[in-house]
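Peer 1: Numbering (the working numbering), first residue to last: 2 to 318. Glycine is no exception: its CB is placed at the ideal position from the N, C-alpha and C atoms. Model, not experiment: these values are computed from the prediction.
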Amino acid sequence: MRILAIDDDPVFLELLAGMLKMIGYAQVTTMPSGEEALHELDYSGTLYDCILSDMQMPDMDGAAVTSAIRSRTAYRQTPILMITAMSGKNAVDEAFAAGATDYITKPLDIIELRARIGMVDRLLAERRRLAEFARLVGQRAAATEIKAEFDTPILIPGFDRGIEFLAMENYLLTLGVKRMYSTSAFAIHVKNAGIIFNKASGATYVQMLGDVGAQIVDALKTEEVMIAYAGSGTFVCMTERDLGQSPDDLEILINIGLMDFETIYASDRLPVPQVRVGEPARSAFLSPTKPTRILERAIQSATTPPEKRTKNGQLVA
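#1: Exposed or buried, Q216, counting other C-beta atoms within 10 Å across all chains shown (16 or more means buried)?
#2: Looking at the unbroken beta strand (DSSP E) that takes in I196, where does it start and where does it end?
#3: Where are the beta strand (DSSP E) runs, 3 residues long or more, that stay fully inside the segment 228–310, in chain order?
#4: Keeping to the same chain, check which residues put their C-beta closer than 7 Å to that of E241; ignore five residues upstream and five downstream.
#5: Report the three-state DSSP secondary structure of L5 (helix, strand or coil).
#6: Figure out for me which residue from G100, D243 and A64 has the closest Cα to the Cα of L167.
#7: If contacts are defined as beta-carbon pairs under 8 Å, then F160 and G211 qualify, I think. What distance do you get, rounded to the angstrom?
#8: Could you tell me whether the Cβ atoms of G245 and A220 are closer together than 8 Å?
#9: Within 10 angstroms of the Cβ of G19, are there 16 or more other Cβ atoms? Answer buried if so, exposed if not.
#10: Could you give the C-beta distance for I81 and K107, rounded to a whole number, given that I count them as a contact under 8 Å?
#11: List the endpoints of the continuous alpha helix (DSSP H) containing F187.
#12: So, are the CB atoms of M239 and V226 less than 8 Å apart?
#13: Between the beta-carbon of I164 and the beta-carbon of I228, is there less than 8 Å?
#14: On the three-state DSSP scale, how would you describe T74?
#15: Give a yes or no on whether the C-beta atoms belonging to E252 and V276 are separated by under 8 Å.
#16: Helix or strand or just coil, what does DSSP make of A64?
#17: Using alpha carbons as the reference points, say which of T30, Q301 and P292 lies closest to L176.
#18: Look at L53 and L109 and say whether their C-beta atoms are less than 8 Å apart.
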């Protein structure tokens with residue numbers, strides 16, 4: 002793995018490079034500032050697999066560096082890990098909003114570093130398997146059949162508002178139990194995703210997910226929602242504000258929008274995707290549990306028909 006590390010502290014950079022070498026990653030390039038790192042990305046001819054960046058740096062902070070990296074086509078999906086002494090919720094929110102994949106606090110622990118970089122390794126391996134999807138995603142009638150896994154979370158090609166499900170989980174884990182009481186999650190499940198998956202090519206199935214993702218964005222009408230695809234035809238949305246519309250209203254809006262694709266799906270002999278929107282889930286102050294539990298409960302609500310849900314309205318994790 003080719004790693005680019007950015008920090009204005011030369012002592013920490015040396016320490017970080019040494020720790021990475023100890024856990025098996027020796028191809029590390031270090032840069033003392035965001036500007037020099039961007040110059041390296043643009044002109045060195047090296048395509049980096051992973052980027053580690055400090056959050057607090059003079060002239061250009063980590064969030065600005067991350068946004069600038071994400072603006073480069075070659076690095077729109079590259080794992081970016083923030084390594085910083087800042088642990089406040091605002092800093093965490095800013096990092097993930099800019100496009101960070103993960104967030105590690107200083108002082109650095111080699112066991113934690115190994116676990117986080119190992120996660121990146123597994124993520125890159127999965128992306129290599131899905132690379133063919135990106136090449137054929139626009140070809141609904143692709144002659145080449147692509148192997149797809151129904152229950153695997155993926156970053157949908159062309160769906161710019163989507164983040165990786167792993168990044169969403171990392172965000173919640175970074176916040177921790179005490180700082181996530183204002184955060185709620187709800188899921189949107191494609192009820193006939195299994196039917197479409199079994200009838201369509203892999204590329205066509207991923208294109209369907211892109212269609213649904215676009216309609217979710219249109220219906221939400223806000224930028225203040227994180228959206229990730231969790232696999233099995235289910236999207237998860239996370240927010241800290243009231244959306245101003247009920248799950249039923251949101252469900253109707255999305256399904257009406259999807260009906261515009263009826264002719265296209267009919268030409269492929271496929272049903273139009275239809276969604277179910279679940280009730281929002283949030284963490285209970287008096288009975289805290291692991292932060293990612295709200296994602297599990299949100300998915301459970303959306304994948305369970307209304308008549309089989311509990312009668313208490315909102316699900317509490």
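Peer 2: Taking the structure as given:
#1: Counting from one through the sequence shown, the residue named residue 216 turns up at place 215. Residue burial annotation: Q216 is buried, with at least 16 other C-beta atoms found within 10 angstroms of its C-beta.
#2: Position 195 of the sequence shown holds residue 196. Where I196 is concerned, there is no enclosing beta strand (DSSP E), although the alpha helix (DSSP H) it sits in stretches over A194 to K200.
#3: Listed in chain order, they are 235–240 and 276–278.
#4: Your numbering for residue 241 matches position 240 in the sequence shown. Only S183 and T184 meet the Cβ criterion.
#5: As a first step, residue 5 is located in the sequence shown; it is residue number 4 there, counting from the start. Looking at L5 - three-state DSSP - the assignment turns out to be strand.
#6: In the sequence shown, the residue the question calls residue 167 occupies position 166. When only C-alpha atoms are compared, the closest one is G100.
#7: Working through the sequence shown from its first residue, we reach residue 160 at position 159. Working through the sequence shown from its first residue, we reach residue 211 at position 210. At roughly 5 Å, the Cβ-Cβ gap stays under 8 Å, so F160 and G211 are in contact.
#8: Within the sequence shown, numbered from 1, the residue matching residue 245 stands at position 244. Within the sequence shown, numbered from 1, the residue matching residue 220 stands at position 219. Cβ distance not < 8 Å, so G245 and A220 don't count as in contact.
#9: Counting from one through the sequence shown, the residue named residue 19 turns up at place 18. By the Cβ-count criterion, G19 is exposed, with fewer than 16 other Cβ atoms from all chains shown falling within 10 Å of its own Cβ.
#10: Position 80 of the sequence shown, counted from the first residue, corresponds to residue 81. Position 106 of the sequence shown, counted from the first residue, corresponds to residue 107. Not really, about 17 Å apart at Cβ, beyond 8 Å.
#11: Position 186 of the sequence shown, counted from the first residue, corresponds to residue 187. Careful: F187 lies outside any alpha helix (DSSP H), inside the beta strand (DSSP E) at S185 to V191.
#12: In the sequence shown, residue 239 corresponds to position 238, counting from 1. In the sequence shown, residue 226 corresponds to position 225, counting from 1. Taking the C-beta atoms as reference points, V226 is found nearer than 8 Å to M239.
#13: For the purposes of this step, residue 164 is identified with residue 163 of the sequence shown, where counting begins at 1. For the purposes of this step, residue 228 is identified with residue 227 of the sequence shown, where counting begins at 1. In contact: I164 and I228 (Cβ atoms closer than 8 Å).
#14: Within the sequence shown, numbered from 1, the residue matching residue 74 stands at position 73. In the structure shown, the three-state DSSP call for T74 is helix.
#15: Sequence index remark: in the sequence shown, residue 252 carries index 251 (1-based). Sequence index remark: in the sequence shown, residue 276 carries index 275 (1-based). In contact: E252 and V276 (Cβ atoms closer than 8 Å).
#16: Within the sequence shown, residue 64 is the residue found at index 63, counting from 1. The answer is helix: DSSP assigns A64 an H, G or I state.
#17: If you number the sequence shown from 1, residue 176 lands on position 175. The option with the nearest alpha carbon to L176 is P292.
#18: Position 52 of the sequence shown, counted from the first residue, corresponds to residue 53. Position 108 of the sequence shown, counted from the first residue, corresponds to residue 109. Contact: no.
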